[in-house]
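Residue numbers (my numbering): 13 to 167.
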């Protein structure tokens with residue numbers, strides 16, 4: 013049995029328990045929904061992933077502050093799904109919003125900002141925005157170089 017086949021019923025069970033105990037709009041549900049959506053996305057079952065990512069984002073936006081990193085993660089995940097599906101016009105504003113959130117909430121040197129910059133650069137390449145893509149990739153690489161160099165060090 014595939015590992016992801018074992019994971020799906022566990023995610024569904026966790027989701028059911030959390031919904032019953034915490035209610036349908038608790039931010040913990042957003043994480044479980046996103047994880048289950050990522051499982052479907054990894055299996056290329058985007059039609060199953062999309063509503064879960066959308067619900068995850070809706071919960072995060074409702075339950076958390078607009079600049080909370082978890083809102084950024086939800087935006088990035090949904091943008092990636094749209095991007096992979098060729099829905100670039102839907103993905104681009106979500107990536108830009110996620111970048112803004114990560115920059116403000118996590119700071120300009122955070123590895124998660126670098127990941128989102130790289131994701132957005134891939135989208136820019138897909139729409140032939142080569143110069144912008146190169147700028148975002150260069151910034152992501154610089155962040156990774158600085159954070160890798162300092163990882164594990166204590167000041």
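Just so it is clear, CB atoms sit at the ideal spot from N, CA and C, and this is done for glycine as well.
Beta-carbon proximity check, residue i vs residue j, cutoff 9 angstroms
i	j	result
residue 75	residue 42	yes
residue 128	residue 154	no
residue 90	residue 66	yes
residue 88	residue 107	yes
residue 84	residue 44	no
residue 158	residue 115	no
Nearest to residue i (by Cα), restricted to the options the options
i	options	result
residue 30	104, 40, 16	40
residue 72	97, 86, 140, 60	86
residue 50	35, 32, 92, 25	92
residue 63	94, 144, 35, 142	94
residue 36	57, 70, 19, 137	70
residue 68	57, 59, 151, 38	38
Residue i to residue j span [Cα, whole Å]
i	j	result
residue 17	residue 131	27 angstroms
residue 100	residue 46	20 angstroms
residue 139	residue 126	20 angstroms
residue 102	residue 160	32 angstroms
residue 134	residue 53	17 angstroms
residue 13	residue 80	Bear in mind that a pLDDT of 49 at residue 13, under 50, signals an unreliable position, so the number given afterwards is only what the model happens to contain. If I take the Cα positions, the gap works out to 38 angstroms.
residue 77	residue 149	28 angstroms
residue 61	residue 48	7 angstroms
residue 96	residue 156	24 angstroms
residue 55	residue 21	15 angstroms
residue 25	residue 119	35 angstroms
residue 147	residue 141	10 angstroms
residue 145	residue 104	12 angstroms
residue 57	residue 33	29 angstroms
residue 152	residue 143	14 angstroms
residue 98	residue 19	28 angstroms
Subject >> Continuous alpha helix (DSSP H) assignments of at least 4 residues falling wholly in the region 22-104 >> reply: 39-54, 58-75, 81-96
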